[in-house]
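Working notes, beginning with the structure itself.
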Amino acid sequence: LSEARIFRNWRIAEMDPPDRVIWYPGIDFGFSQDPTAALRACLIGDRTLYVDYEAWEVGVPNEALPALLHKVPDIHKWPSRADSARPETIDYLRRNGFPKIRGATKGKGSVEDGISFLQGLDIVVHPRCANLARELGAYAYKIDKRTGGILPEVEDANNHLIDALRYAVEGLH
Numbered sequence: 172l173s174e175a176r177i178f179r180n181w182r183i184a185e186m187d188p189p190d191r192v193i194w195y196p197g198i199d200f201g202f203s204q205d206p207t208a209a210l211r212a213c214l215i216g217d218r219t220l221y222v223d224y225e226a227w228e229v230g231v232p233n234e235a236l237p238a239l240l241h242k243v244p245d246i247h248k249w250p251s252r253a254d255s256a257r258p259e260t261i262d263y264l265r266r267n268g269f270p271k272i273r274g275a276t277k278g279k280g281s282v283e284d285g286i287s288f289l290q291g292l293d294i295v296v297h298p299r300c301a302n303l304a305r306e307l308g309a310y311a312y313k314i315d316k317r318t319g320g321i322l323p324e325v326e327d328a329n330n331h332l333i334d335a336l337r338y339a340v341e342g343l344h
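Position one of the sequence shown corresponds to residue 172 (the working numbering), numbered consecutively onward.
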């Protein structure tokens, strides 16, 4: 699996972001068994992406989303990008304390483009973001069951906070 891992450019560490940093929140909505995942990241210099808070929970109904998202400090104050496959949820959040939320641009190649952009950065994950660290270590390309070869397709697993991170940095590339 280590050869199939997508991200090798990350580490766990605490970092002091500079004053007046711009935060980029991202949100991936969960479904029946998938978690709702949110985080905030900031770009330090040109190549260091720092993630300092996350929220991650399975089975969150819409009315409980604002409380979950507020586990990420000041998330409602910054323009955030969320999974555009759920426009009704985005609308609900706009009406319930998150007026700056908008849908991420999705389409052919958007996952690969987002991954490629993230691979070009040094990603620093705060120790309290255990779910993101787990996902970054497990996110991988598909493996051919017959040959064991690594395929050029991303496995759709271990990616909820990674999707939120792709949405968060969408405007930076």
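All C-beta atoms in this analysis are idealised placements derived from N, C-alpha and C, irrespective of residue type, glycine included.
Note that the structure is a prediction, hence the values are computed from the model and not measured.
Contact under 8 angstroms by Cβ, residue i with residue j
| i | j | result |
| --- | --- | --- |
| Ile-321 | Tyr-310 | no |
| Tyr-221 | Ala-209 | no |
| Glu-171 | Pro-298 | Examination of residue 171 is not possible in this model, given that the chain is present from 172 through 344 alone. |
| Trp-181 | Val-296 | yes |
| Asp-334 | Asp-199 | yes |
| Asp-293 | Thr-219 | yes |
| Phe-274 | Arg-337 | Residue identity differs from the one stated: residue 274 is Gly in this sequence, not Phe. No, the pair does not count as a contact, with Cβ atoms beyond the cut-off. |
| Asn-302 | Glu-225 | yes |
| Ala-175 | Ile-314 | yes |
| Glu-341 | Thr-276 | yes |
Extent of the continuous beta strand (DSSP E) to which residue i belongs
| i | result |
| --- | --- |
| Gly-285 | Gly-285 -> not in any beta strand (DSSP E); alpha helix (DSSP H) instead, spanning 281 to 290. |
| Glu-228 | 219 to 229 |
| Leu-322 | 321 to 325 |
| Trp-214 | The question names Trp, yet the displayed sequence has Leu at residue 214. Its beta strand (DSSP E) spans residues 206 to 215. |
| Gly-274 | 272 to 274 |
| Ser-251 | 251 to 253 |
| Ile-183 | 181 to 183 |
Distance between beta carbons of residue j and residue i, contact taken as under 8 angstroms
| i | j | result |
| --- | --- | --- |
| Ser-251 | Gly-201 | Their Cβ separation, rounded to whole angstroms, is 16 angstroms, which puts Ser-251 and Gly-201 out of contact at 8 angstroms. |
| Phe-178 | Leu-307 | 5 angstroms |
Residue i: first and last residue of the uninterrupted alpha helix (DSSP H) it sits in
| i | result |
| --- | --- |
| Ile-261 | 258 to 266 |
| Glu-306 | 301 to 309 |
| Arg-337 | 331 to 339 |
| Leu-240 | 236 to 240 |
Residue of the options minimising C-alpha distance to residue i
| i | options | result |
| --- | --- | --- |
| Asp-190 | Arg-337, Ile-215, Val-340 and Glu-174 | Ile-215 |
| Gly-268 | Leu-236, Ala-275 and Val-282 | Leu-236 |
| Asp-327 | Glu-283, Gly-319 and Cys-300 | Glu-283 |
| Ile-246 | Thr-318, Glu-341, Gly-280 and Trp-194 | Trp-194 |
| Asp-223 | Arg-176, Arg-266, Leu-332 and Thr-318 | Leu-332 |
| Pro-323 | Asp-254, Gly-280, Leu-264 and Arg-266 | Gly-280 |
| Gly-278 | Arg-305, Leu-264 and Asp-254 | Asp-254 |
| Cys-300 | Val-243, Trp-249, Val-192 and Ser-203 | Val-243 |
| Val-192 | Leu-239, His-241, Trp-249 and Tyr-263 | Trp-249 |
Q: Answer yes if the region 179 to 196 comes into contact with the region 229 to 236, meaning at least three C-beta pairs across the two stretches below 8 angstroms, and no otherwise.
A: no
### Message
Does the structure place the region 278 to 292 close enough to the region 247 to 261 that three or more beta carbon pairs sit under 8 angstroms?
### Response
no
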